[in-house]
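Chemist:
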Amino acid sequence: MYSTALNRPVLTDTFININKRTIRWGEFLIQSGLALCALISIITTAVIIIILCKEGFSFFQHIAPAEFFFGTRWVPLLEPSSFGVLPLVWGTLLVTFGAALIAIPIGLASAIYLSEYASHKVRSTVKPVLELLAGIPTVVYGYFALTFVTPLLKTIIPGIQVFNAFSGAIVVGIMVLPMIATLSDNALRAVPQTLRQGAYALGATSYETTTQVVLPAGLSGVMASFLLAISRAIGETMAVTLAAGATPNMSLTFLESIQTMTAYIVQISLGDAPAGGLAYQTLFVVAALLFIITLMLNVLSQWILNRYREAYD
Amino acid sequence: MSAQLDEKLMIPGQREQAANNKPAFAEESILNLDQVNIYYSGKAAIKEVSFPIAKQKITSLIGPSGCGKSTLLRSLNRMNDFIPEVTMDGLFTYNGQNLNAPSVDPVEVRRHIGMVFQKPNPFPKTIYKNIAWGPNINGYQKSLDELVEHSLKQAALWDEVKDRLHESALSLSGGQQQRLCIARALAMEPDILLMDEPCSALDPISTAHIEDLLFELKTRYTIVIVTHNMQQAARISDYTAFLESGELIEFGVTEQLFTMPQKQRTEEYVTGRFG
Amino acid sequence: MNQSSDNALNTSDRHLQRRHRKASLFSSFCALITFMGVALLALLLYQVCVDGIKWLDIQFLTSFPSRFPARAGILSALVGTLWLISLIALIAIPIGVATALYLEEFSKKNRLNRLIELNISNLAGVPSIVYGIIGLALFVRGLNLERSLISGALTMSLLILPVIIIASREAIKTVPMSIRHAAFALGATRWQTAWAHVLPASFPGILTGVILALSRAIGETAPLIMIGGLTYVAFLPDGPMDSFTAMPIQIYNWVARPQHEFHQLAASAIIVLLAVLLIMNAAAIVIRHKTER
Numbered sequence: 001m002y003s004t005a006l007n008r009p010v011l012t013d014t015f016i017n018i019n020k021r022t023i024r025w026g027e028f029l030i031q032s033g034l035a036l037c038a039l040i041s042i043i044t045t046a047v048i049i050i051i052l053c054k055e056g057f058s059f060f061q062h063i064a065p066a067e068f069f070f071g072t073r074w075v076p077l078l079e080p081s082s083f084g085v086l087p088l089v090w091g092t093l094l095v096t097f098g099a100a101l102i103a104i105p106i107g108l109a110s111a112i113y114l115s116e117y118a119s120h121k122v123r124s125t126v127k128p129v130l131e132l133l134a135g136i137p138t139v140v141y142g143y144f145a146l147t148f149v150t151p152l153l154k155t156i157i158p159g160i161q162v163f164n165a166f167s168g169a170i171v172v173g174i175m176v177l178p179m180i181a182t183l184s185d186n187a188l189r190a191v192p193q194t195l196r197q198g199a200y201a202l203g204a205t206s207y208e209t210t211t212q213v214v215l216p217a218g219l220s221g222v223m224a225s226f227l228l229a230i231s232r233a234i235g236e237t238m239a240v241t242l243a244a245g246a247t248p249n250m251s252l253t254f255l256e257s258i259q260t261m262t263a264y265i266v267q268i269s270l271g272d273a274p275a276g277g278l279a280y281q282t283l284f285v286v287a288a289l290l291f292i293i294t295l296m297l298n299v300l301s302q303w304i305l306n307r308y309r310e311a312y313d
Numbered sequence: 314m315s316a317q318l319d320e321k322l323m324i325p326g327q328r329e330q331a332a333n334n335k336p337a338f339a340e341e342s343i344l345n346l347d348q349v350n351i352y353y354s355g356k357a358a359i360k361e362v363s364f365p366i367a368k369q370k371i372t373s374l375i376g377p378s379g380c381g382k383s384t385l386l387r388s389l390n391r392m393n394d395f396i397p398e399v400t401m402d403g404l405f406t407y408n409g410q411n412l413n414a415p416s417v418d419p420v421e422v423r424r425h426i427g428m429v430f431q432k433p434n435p436f437p438k439t440i441y442k443n444i445a446w447g448p449n450i451n452g453y454q455k456s457l458d459e460l461v462e463h464s465l466k467q468a469a470l471w472d473e474v475k476d477r478l479h480e481s482a483l484s485l486s487g488g489q490q491q492r493l494c495i496a497r498a499l500a501m502e503p504d505i506l507l508m509d510e511p512c513s514a515l516d517p518i519s520t521a522h523i524e525d526l527l528f529e530l531k532t533r534y535t536i537v538i539v540t541h542n543m544q545q546a547a548r549i550s551d552y553t554a555f556l557e558s559g560e561l562i563e564f565g566v567t568e569q570l571f572t573m574p575q576k577q578r579t580e581e582y583v584t585g586r587f588g
Numbered sequence: 589m590n591q592s593s594d595n596a597l598n599t600s601d602r603h604l605q606r607r608h609r610k611a612s613l614f615s616s617f618c619a620l621i622t623f624m625g626v627a628l629l630a631l632l633l634y635q636v637c638v639d640g641i642k643w644l645d646i647q648f649l650t651s652f653p654s655r656f657p658a659r660a661g662i663l664s665a666l667v668g669t670l671w672l673i674s675l676i677a678l679i680a681i682p683i684g685v686a687t688a689l690y691l692e693e694f695s696k697k698n699r700l701n702r703l704i705e706l707n708i709s710n711l712a713g714v715p716s717i718v719y720g721i722i723g724l725a726l727f728v729r730g731l732n733l734e735r736s737l738i739s740g741a742l743t744m745s746l747l748i749l750p751v752i753i754i755a756s757r758e759a760i761k762t763v764p765m766s767i768r769h770a771a772f773a774l775g776a777t778r779w780q781t782a783w784a785h786v787l788p789a790s791f792p793g794i795l796t797g798v799i800l801a802l803s804r805a806i807g808e809t810a811p812l813i814m815i816g817g818l819t820y821v822a823f824l825p826d827g828p829m830d831s832f833t834a835m836p837i838q839i840y841n842w843v844a845r846p847q848h849e850f851h852q853l854a855a856s857a858i859i860v861l862l863a864v865l866l867i868m869n870a871a872a873i874v875i876r877h878k879t880e881r
């Protein structure tokens, strides 16, 4: 239509050249520096995996994987030694199961109260308090277990040992409770108000609305918070080390002393195991197992969040 | 008006003929669009658009919302680079150089082709710093104080803000903020100023202010303005391009386009029959 | 409306009453549980305060640890924690904020960067003791940094980096796009835009995240025990290569002893630790409030 050839601009006083091939070195340097920082996270992961694998492989050169994964005796330091990891896994599961049993119902009920029933004023006080409590160091919960929970349990159940899984489960449960409550509250509050209004407009009570409309709608976030809390409980170290003791066994009750994977790691590292020894390598194998279990839980929780997140948007 | 009526009575073939008789574009053009296509995620948002932009004139882009006029405007200073979904082809010739050539530095382009956005977007800093920042990072050597004053005067804002240059720009009213954004763009002494519906978020009085300002500015700057307000386009611009669903329906001298449109769609739009 | 469908709805008063009772019971139950949970946690804090107030005085803050409870103090632990937190801040904040800036302002949405993002969210969930083991193998043994402050600080930095990155990205995301566009339209480069506009605008949010991450580092115990922060240190560190102890390690050490007096000492130290954390959290809340206006 309007041919550019006919209207080629006459170059007057100033010609503006936009064809500058110069590389902005400052910009380039800064950008590379920032990218390098971003790479550190990848390097961290790589280092974690490499170190855990390296020590793990040299461990498995001495001990058959079958003995490690299916053995039921964990006696790494005394002769005759035995490297069956199941007692440690069992101890971890026992504490985690107990903690989940406490934290999930209480945490969910709190989340429902905060998001569905609490007045703005109550919510805006309780929520920051919960967030603050989520930041209490775990060693403090260990103190709580030894000086408060265990003596209390002893008056109720006289036969209970000084170090026991029950006490550990209770404090770990209390510890992850704020996490479940705040994350689930966020998930429930993200459910659009229109869904609630729709339910109420059909004559539903608040109970029916909450349990049959809001909760199913926010379920992905709620489930993700459960998984994160369980993962946190599995990786929790100080409280269980202090409360649950250092006796690897496959006790069925909560009343005896047990040892979790994390507590074992602390026990060995306090004894300053010499590098290269079998005891030193067990640290890495147990840590690798811990890493894999928590990673799977975290990935699963992210998958649930991503998979179901946009269902109600 | 009789010409308009005549055209309506023409049979389609005649109408085409009339379109080809339009007067030649007699201005010196600073930017030429030639067969421009812009795609959004592979879907064409602008199709085969060609028209020139005249130096030191105001060119307005009009058309119903969603016709792609803002997308087209943003392609004139490479702002579409920030939307990864957008791809384009065709020739954008600026001063004889292809805007999209791989050798072109988009940062350099934006230094000379400034932009004012739909909503005022001052930086959350002082009025002074809002204006001084652009020249400052681009190595402006002379007195910044003078430049700030000069730019604010050009944007007809100086008298209102001269006593509070070091207050936050967010304390200004919407209309003042938009004039500040214009002043900020002018401080770069741009070759071309692109304006994306600069008055759409403003009240009528602020709008009048800015329109007066545009009249002043066109003696020194080339301005391309996107507007959905046809009266505004008719009042202020020298050339008008009318777009619909990504196609250039008609381009011409504003007066002609509004009084004697060549295409029926243009006429229907400018007379308010749709859009 | 026809008769039969009317009958299908059970609108009897008794039924409705039962539903209402259920609803109010449920809401009371949830409220009760919430306040019980909060009360339980309040009880914990109360317990700590009651136990710990006895030994808490100037002497406690200015003495080294001792076998005799009356002479024991947390000076070396307190100073160790301050050293540690300063080093962590120096290492982790620049790297964390730089990573967040890169991911939000510079990176293109390609595979590598998606991998980095995924990786960071997974790193945030790795148990702290695993970082401890890595620190032990990499910094203490691998790089021969010994059981020093710098080993501890590097390990802890790895631990809180994901927290800082995630919080900083959230803060950077809240900066409106229009600000960036305004800067770009003036011919600014990405870095000029990020430095002059994005960072200042997201600064309060980043600061809040950084404070929360640092307060997590202050309380972490397990990685430091792995690194081998000594539990009996009767001197103050002079530089990053010195050995050290820190507040949570001292607390762990005292809690793990059987004597009641040491438990009380632990409680006193917990009060000091929680006070530090509370101050930091309060600062974060104040910053958040100030910027919300």
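Heads up: the protein sequence lines correspond to chains A, B and C, in order.
Per my numbering, residue 1 is the first one in the first sequence, and the count goes up by one each step.
Per my numbering, residue 314 is the first one in the second sequence, and the count goes up by one each step.
Per my numbering, residue 589 is the first one in the third sequence, and the count goes up by one each step.
Ideal placement from N, C-alpha and C gives every residue a C-beta, glycine not left out.
#1: Are the C-beta of C/R804 and some C-beta of chain A separated by less than 8 Å?
#2: Kindly indicate if chain B contains any beta-carbon less than 8 Å away from that of C/L774.
#3: What residues in the segment 25 to 43 of chain A bring their beta carbon closer than 9 Å to a beta carbon of chain C?
#4: Between the C-alpha atoms of A/A199 and C/I754, what's the straight-line distance to the nearest angstrom?
#5: Which one of C/L672, C/A854 and C/A619 has the shortest CA to CA distance from C/R735?
#6: Could you check which residue in A/I180, A/P178, A/L133 and A/E208 has the C-alpha nearest to that of C/L869?
#7: Could you work out which residue in A/T260, A/L183, A/V286 and A/P248 is closest to A/M223 when comparing CA atoms only?
#8: Using the rule of at least 16 other Cβ atoms within 10 Å of the residue's Cβ for burial, across every protein chain shown, is A/V129 buried or exposed?
#9: Between which two residues does the alpha helix (DSSP H) harbouring A/T150 extend?
#10: Measuring only the C-alpha atoms, how far is C/V626 from A/E55?
#11: Taking the alpha-carbon positions, what's the C/H608 to C/F614 distance?
#12: For A/L297 versus A/S206, is the C-beta spacing smaller than 8 Å?
#13: So which residues on chain B does C/T777 lean against when the C-beta distance must stay under 7 Å?
#14: B/T520 to B/K466, Cα distance in whole Å?
#15: Going straight from the alpha carbon of B/D440 to that of A/I23, what length do you get?
#16: Where do the ends of the beta strand (DSSP E) carrying A/E27 lie?
#17: If you compare alpha carbons, which of C/V667, C/C637 and C/Q647 is closest to C/T833?
#18: Starting from B/M392, follow its DSSP beta bridges and name the residues at the other end.
#19: In chain A, which residues lie with their C-beta within 7 Å of the C-beta of C/K696?
#20: How is A/W74 classed by DSSP in three states: helix, strand or coil?
#21: With H, G and I counted as helix, E and B as strand and the rest as coil, what does DSSP make of C/Y840?
#22: Taking beta-carbon pairs under 8 Å, can you tell me which members of the segment 262 to 296 of chain A lie near chain C?
#23: Take every Cβ of the segment 380 to 388 of chain B, pair it with every Cβ of the segment 350 to 360 of chain B, and state whether three or more of those distances are shorter than 8 Å.
#24: Could you compute how far the alpha carbon of A/G245 sits from the alpha carbon of C/M624?
#25: Thinking just about the alpha-carbon of each residue, which of B/A547, B/S484 and B/C494 is nearest to the one in B/V566?
#26: Are C/A665 and C/M814 close, meaning C-beta to C-beta below 8 Å?
#27: In whole angstroms, what separates the C-alpha of A/S318 from that of C/R729?
#28: Between A/T72 and the rest of its own chain, which residues show a CB-CB distance below 8 Å, the 5 nearest in sequence each way excluded?
#29: Helix, strand or coil for B/S486, going by three-state DSSP, please let me know.
#30: Hey, how far is the Cα of B/K464 from the Cα of B/Q575?
#31: I'd like to know whether the C-beta atoms of C/P828 and C/I738 end up nearer to each other than 8 Å.
#32: Under the three-state reduction of DSSP, which class applies to B/Y534: helix, strand or coil?
#33: I want to see whether chain B comes within less than 8 Å of C/A782, judged by CB atoms only; does it?
#34: Using a C-beta to C-beta distance shorter than 7 Å, which residues of chain C count as neighbours of A/G298?
#35: Using 8 Å as the limit for Cβ to Cβ distance, is C/S736 near chain A?
#36: Would A/W25 be called buried (16 or more neighbouring beta carbons within 10 Å of its own) or exposed?
Modeler: Judging by the given coordinates:
#1: Output row for C/R804: interface = yes.
#2: Yes, contact with chain B.
#3: Listed by position along the chain: G26, E27, I30, Q31, G33, L34, A35, L36, C37, A38, L39, I40, S41 and I42.
#4: Per the coordinates, the alpha-carbon of A/A199 lies some 36 Å from the alpha-carbon of C/I754.
#5: The shortest C-alpha separation from C/R735 is found at C/L672.
#6: The question names Leu, but residue 869 of chain C in the sequence shown is Asn. If we check each option's Cα against that of C/N869, A/L133 comes out closest.
#7: When each option's Cα is compared against that of A/M223, the closest is A/L183.
#8: The residue in question, A/V129, is exposed, as its Cβ has fewer than 16 Cβ neighbours within 10 Å.
#9: In the DSSP assignment, A/T150 falls within the alpha helix (DSSP H) that extends over T150 to I156.
#10: Each residue's alpha carbon lies about 44 Å from the other.
#11: One C-alpha to the other measures close to 10 Å.
#12: In this structure, A/S206 does not lie closer than 8 Å to A/L297 by Cβ.
#13: Listed along the chain, the chain B residues whose CB falls inside 7 Å of the CB of C/T777 are V420.
#14: Spanning the two alpha carbons is a distance of roughly 17 Å.
#15: The question names Asp, but residue 440 of chain B in the sequence shown is Ile. A direct Cα-Cα distance of roughly 32 Å separates B/I440 from A/I23.
#16: Unbroken run through A/E27 is the alpha helix (DSSP H), W25 to H62; no beta strand (DSSP E).
#17: The shortest CA-to-CA distance from C/T833 to any of C/V667, C/C637 and C/Q647 is the one to C/V667.
#18: None; B/M392 has no bridge partner.
#19: None at all; the shortest Cβ gap to chain A is about 11 Å.
#20: In the three-state DSSP reduction, A/W74 falls in the strand class (E or B).
#21: In the displayed model, C/Y840 falls within a helix according to three-state DSSP.
#22: Residues passing the 8 Å Cβ filter: T262, I265, V266, S269, L270, D272, A275, L283, F284, A287, L290, F291, T294 and L295.
#23: Touching, per the Cβ criterion.
#24: Between the C-alpha atoms of A/G245 and C/M624 there is a straight-line separation of about 28 Å.
#25: Residue B/A547 is the option with its Cα nearest to B/V566.
#26: Cβ distance not < 8 Å, so C/A665 and C/M814 don't count as in contact.
#27: What is shown of chain A runs 1 to 313, which leaves residue 318 of chain A out entirely.
#28: Closer than 8 Å at Cβ, skipping near neighbours: G84, L86, P87 and M250.
#29: Secondary structure of B/S486 (DSSP, three-state): coil.
#30: Residue identity differs from the one stated: residue 464 of chain B is Ser in this sequence, not Lys. A straight line joining the alpha-carbon of B/S464 with that of B/Q575 spans about 40 Å.
#31: In terms of Cβ geometry, C/P828 and C/I738 form a close pair [threshold 8 Å].
#32: Residue state, collapsed to three classes: coil.
#33: No, its Cβ sits nowhere closer than 8 Å to a Cβ of chain B.
#34: The sequence as given places Asn at residue 298 of chain A; Gly does not occur at that position. Here the neighbours are N710 and G713.
#35: Judged by the 8 Å Cβ criterion, C/S736 is not in contact with chain A.
#36: It is exposed - the Cβ of A/W25 has fewer than 16 other Cβ atoms within 10 Å.
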